[in-house]
Structures are given as structure tokens and as C-alpha cells.
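A quick write-up on the structure given underneath.
Numbering (the numbering used here), first residue to last: 341 to 621.
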């Protein structure tokens, strides 16, 4: 009896040790967490990354016309900090399970409200908040399954899935200007001396080629400050709106103020602008 009891104790200790040790073993498909900002929107992904290891992937390990978790282990989770547009369809901000149904010529991509599940066995299409279809492309070989946010512009980007010799781009767009307008209105209500805020707003709008709005705020900045860098921006705003006559007029004011302040760098830049605009009047 003592021998049997001792044997059981040894087995239990061994199992306990194995369990504890197993918790420290690396996963074959390691977990990846990443985030990327597009405009004012943050996109976060959490997914596991299997490797090909010489296997046929799409149409093999990942069958065609069957739901796939877009990774390994738990389903892939994607979080958007603001409302977004996916391939032309609106998707509210929040966290979603990302599932795909691959085929040779097209992939169905679903953003599902059930993001807390293992694999895709509990996937329910009724819980899809948004589903869209995209086309796969042949690309350079990728050994380990990868998500990335690519082709980033001020208001758009692609959520790109790559594995083996296949790539899928999921187009995303965000309402950057609408959100910026709202933020600007809120900030202007808070400030006492707004010239520097008007100046930065004007620079932002001119930088994204919203030239009429840029001119509007450049005028507001110049009305509250006659500093030469403000007048220079106003002259550039007129030029961006193709009003070279007023661009030269405001440029000369900026030049006079810059010379008076002894700022040679601004003086040279403003003179260069005036010379260029004078030829276009």
C-alpha cells in the first residue's frame, strides 16, 4: 500500500512539473501584437503567426471555400479606435474577430462581433458586422504569416495579409478631415489668444491641399498677429489658391517684417517666393 501511495505521489509530482515547464515552452505559431495610426485612427492587431515549413498553404493546409481564422490559435483580433470604411463599407469603431474564406480568385473577409474565440469552429456569419470581397495577388514568398498596414496615406491604407506566395489587401479609409475639423472647433473654443492655433491649422490644411480652408485660417492668424512667419504663410496660402497678385502683396509685407527682425533665412525664402510668383501674375 505504501509503495502504491508513493508511486502515485511521484506521478503527481511529475505531472505538476511537466505542466509548469510546459507553460514556458514557446508556441509554434508565436503571438504578435501590432498597431498603426492612420490620421487620427489607431488600428491594433493581435494574431498568431504560423510558418509554411515546406507545406502547401492555400488550397492545402488552408482549404479553399472554408472559414479560416486568418492566423493560428485564437482568432485574429482587430481594433479600430474610430469608425472606419472597409472597402467602401462603414464599420463602427470597436474590436472584431477577423475571418476569411479564401478561394483562388476571391476572398471573403468578415469582421465578426465574436472576437473572443479559439480558431474558427464557433464562427457564426450571423454575427458578421461587415463582410466584403477582395482579390488575392501573387507576391514574393513569405515564410511566416504576416499582417501589415501598408500603402499608408493621410486618409487611407491597406490592411495586408501575406503568406507563402499570396497577398491580400483590405482597403481602409478614415474620415481624417472630418475628425480634424471637429477637433479644431473644440480647441478654438478653449483658447484665449488663438493666432498660433490659427497658424497651425492653416499649415495643416495647406499641407493636405485643402487650400481654401488653409487661406481662411491664414487670414485669421494674420488678423491677430503681424509676425513675419504668419505673413509668409498667408502669402503662400494665396499662392496655393492661385491668387499670385495678393501672394506678392502679402509676401512683400512678410519680407519687410523679416528684414526688420534680422531673420536672413526667412528673408531669402520670402524673396524666392516673391520672384517666382511675380512671373505668374
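Even for Gly, the Cβ is constructed at its ideal location relative to N, Cα and C.
Here the structure is a predicted model, which is why all the values come from computation and not from measurement.
- In the structure shown, residue 459 adopts coil according to DSSP, grouped into three states.
- Going by C-alpha positions, residue 605 is about 11 Å away from residue 595.
- Look at residue 428 here: in three-state DSSP terms it is coil, with no helix or strand label.
- Under DSSP, the beta-bridge partners assigned to residue 434 are 420.
- Within the DSSP secondary-structure output, residue 387 pairs in a beta bridge with 372.
- Judged by beta-carbon spacing, residue 409 lies beyond the 8 Å limit of residue 484, meaning their Cβ atoms are not closer than that value.
- The shortest CA-to-CA distance from residue 550 to any of 593, 504, 584 and 494 is the one to 494.
- Between the region 397 to 413 and the region 432 to 443 there are three or more inter-stretch CB-CB distances shorter than 8 Å, so the stretches are counted as touching.
- For residue 499, the three-state secondary structure derived from DSSP is strand.
- The three-state reading of DSSP puts residue 548 in coil, since its state is none of H, G, I, E or B.
- With contacts defined by Cβ atoms closer than 8 Å, residue 476 and residue 447 form a contacting pair.
- The criterion of a C-beta distance shorter than 8 Å is not satisfied by residue 535 and residue 545.
- Residue environment analysis places residue 473 among the exposed positions, since fewer than 16 neighbouring C-beta atoms fall within 10 angstroms of its C-beta.
- Measuring C-alpha to C-alpha distances from residue 457 to each of 434, 489, 486 and 417 identifies 417 as the nearest.
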